[in-house]
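If you read the sequence shown in our numbering, its first letter stands for residue 5, the second for the next number, and so on.
Beta carbons: idealized from backbone N, C-alpha and C, even for Gly.
These figures come from a predicted structure and were not determined experimentally.
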Amino acid sequence: MIQNFQGMAKRLVALLRQQGISSEPVLEVIQKTPRQQFMPESLAHKAYENTALPIGKGQTISQPLMVASMTQLLMQHDCKHVLEIGTGSGYQTAILAQLVERVFSVERIAELQYQAKRRLKQLDLHNISMRHGDGWQGWASKAPFDGIIVTAAASDIPHALMEQLADGGVMIIPVGTVRQRLVVIRRFGDDFEHKQLGDVKFVPL
Numbered sequence: 005m006i007q008n009f010q011g012m013a014k015r016l017v018a019l020l021r022q023q024g025i026s027s028e029p030v031l032e033v034i035q036k037t038p039r040q041q042f043m044p045e046s047l048a049h050k051a052y053e054n055t056a057l058p059i060g061k062g063q064t065i066s067q068p069l070m071v072a073s074m075t076q077l078l079m080q081h082d083c084k085h086v087l088e089i090g091t092g093s094g095y096q097t098a099i100l101a102q103l104v105e106r107v108f109s110v111e112r113i114a115e116l117q118y119q120a121k122r123r124l125k126q127l128d129l130h131n132i133s134m135r136h137g138d139g140w141q142g143w144a145s146k147a148p149f150d151g152i153i154v155t156a157a158a159s160d161i162p163h164a165l166m167e168q169l170a171d172g173g174v175m176i177i178p179v180g181t182v183r184q185r186l187v188v189i190r191r192f193g194d195d196f197e198h199k200q201l202g203d204v205k206f207v208p209l
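Structure, rendered in structure tokens:
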């Protein structure tokens, strides 16, 4: 990472601490992952601002605080095998890959998936399996998952994803159309516990 990016990354991590991110492993990975590599070069100077940025095809790279919050929620449940719906730029994928044993990531836009695959390879992250397909369907052949993280807003909670959660597993998903809420779902056998967190803003699933 170029020196000025290192300084910016440290300032971002300090801001995330102030905003309530307390997981040291999550903060450490965010500080060392070169976010500028996951966006168009013309936006690289904004890479360590706490904001979502466009990556083309009508998609965005999520705000660092949202990436950190969702990742921290997963880490509280000791997830090892994680399904990510919406690879996008690959930034959230890269963060997860440095914290869990295996990431399975599904992306519906082939060009974004290709770019993400290239970036992740450059960062020498090889514990990632990627699939081009419909995120609503998940990845049944690789289920069950300890954790599922959805990085686009669903109008309602996809039943197929709930079925792919392991017993004791957790899913973090933004739900809603006009107003979106972050929802945390835990599976206990055939029962599912739902907990609503704050308002969020994501592109549609």
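(Q) With a threshold of 7 Å on Cβ separation, who are the neighbours of S27 within its own chain once the five nearest residues in sequence on each side are excluded? (A) For S27, where only same-chain residues beyond five positions count, the Cβ hits under 7 Å are Q76 and M79.
If you compare alpha carbons, which of V154, P44 and S159 is closest to L100?
-> V154
field: Straight-line Cα distance separating R15 from P162
entry: 37 Å
- Query: Mind checking Y52: buried by the 16 CB within 10 Å criterion, or exposed?
  - Reply: buried
Which of helix, strand or coil does DSSP assign to G151? It is a strand residue.
*asked:* At the level of alpha carbons, what is the spacing between R201 and M12?
replied: Going by the sequence as given, residue 201 is Leu instead of Arg. Distance between the alpha carbons of L201 and M12 is about 29 Å.
| Own chain partners of D194 with C-beta closer than 6 Å, once the 5 adjacent residues on each side are dropped | none
| field | Integer Cβ distance of K84 from F108, believed to fall under 8 Å | value | Not a contact, Cβ separation roughly 12 Å.
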